[in-house]
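Structure record follows, encoded as structure tokens.
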Amino acid sequence: AQRVTQPEKLLSVFKGAPVELKCNYSYSGSPELFWYVQYSRQRLQLLLRHISRESIKGFTADLNKGETSFHLKKPFAQEEDSAMYYCALSALSGNTPLVFGKGTRLSVIA
Amino acid sequence: DGGITQSPKYLFRKEGQNVTLSCEQNLNHDAMYWYRQDPGQGLRLIYYSQIVNDFQKGDIAEGYSVSREKKESFPLTVTSAQKNPTAFYLCASSKGAGDYGYTFGSGTRLTVV
Numbered sequence: 014a015q016r017v018t019q020p021e022k023l024l025s026v027f028k029g030a031p032v033e034l035k036c037n038y039s040y041s042g043s044p045e046l047f048w049y050v051q052y053s054r055q056r057l058q059l060l061l062r063h064i065s066r067e068s069i070k071g072f073t074a075d076l077n078k079g080e081t082s083f084h085l086k087k088p089f090a091q092e093e094d095s096a097m098y099y100c101a102l103s104a105l106s107g108n109t110p111l112v113f114g115k116g117t118r119l120s121v122i123a
Numbered sequence: 187d188g189g190i191t192q193s194p195k196y197l198f199r200k201e202g203q204n205v206t207l208s209c210e211q212n213l214n215h216d217a218m219y220w221y222r223q224d225p226g227q228g229l230r231l232i233y234y235s236q237i238v239n240d241f242q243k244g245d246i247a248e249g250y251s252v253s254r255e256k257k258e259s260f261p262l263t264v265t266s267a268q269k270n271p272t273a274f275y276l277c278a279s280s281k282g283a284g285d286y287g288y289t290f291g292s293g294t295r296l297t298v299v
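These protein sequences, in sequence, are chains L and H.
Just so you know, we're using my numbering here: the first sequence kicks off at 14 and counts up by one.
Just so you know, we're using my numbering here: the second sequence kicks off at 187 and counts up by one.
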């Protein structure tokens, strides 16, 4: 079974401080990992996916298969980063819907 | 302007009644999904459909039903058998199986009164 764990319900950081949102997963096959974000009064949207190895809005995430983690990081938090963040997983082979974690609310304090 | 539309935005239902939530997309996406979002629970999959006239149960399908008669539409019926229906319901679509650039709707908040 696929499972995604986001251990922090709420994470508060000061503006300019580094941010790390944790995500651990459980899956026996080859996973594809994603981060989705929901800003206040906006729709849930894709932030980044591990297979693209890209940086979006200053955020990066590296898949660590040994630790089964896909933590989201940003070196300097901005107030506009305040949002709900969801880590999601699916099989790399496709044909299965995304499994989401419970989400972490990031609050960036000015 | 392409997108995915959910209606209504707010819905109130009396206990014992069935209600249907609408989800329509004009993105020409093959796959559509229904998730339930509860505080502290994240998104849980109710049903999904990868092609017209076919759909599969998700993790919490009990008390729900769906249909996929048209590519553009994937309505969700919350039946009286659903024991705790008050929640926020999200519909999403994607180009197809294996494409995980999901486009989400703005959601429907269902309240049982």
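C-beta atoms are modelled at their ideal positions from N, C-alpha and C, and glycine is treated no differently.
In its chain, beyond the 5 residues on either side, Trp220, Ile232, Tyr233, Leu262, Thr263, Val264, Thr265, Gln268 have a beta carbon closer than 8 Å to the beta carbon of Tyr250(H). Rounded to whole angstroms, the separation of the alpha carbons of Arg230(H) and Asp245(H) is 7 Å. Contact of Ser292(H) with chain L is assigned, a C-beta pair being separated by under 8 Å.
Apart from sequence neighbours up to five positions away, the residues of its chain that approach Gly29(L) with a beta-carbon distance below 6 Å are Phe89, ordered along the chain. Note on Leu23(L): under 16 other CB atoms within 10 angstroms of its CB, so exposed under the neighbour-count rule.
For the 8 Å CB-CB criterion, Gln227(H) and Lys35(L) do not form a contact. Bounds of the beta strand (DSSP E) holding Gln242(H) are 240-243. As the crow flies, the alpha-carbon of Arg66(L) is around 8 Å from that of Asp75(L). Around the beta carbon of Ile64(L), a 10 Å sphere encloses fewer than 16 other beta carbons of the protein chains shown; the residue is thus reported as exposed.
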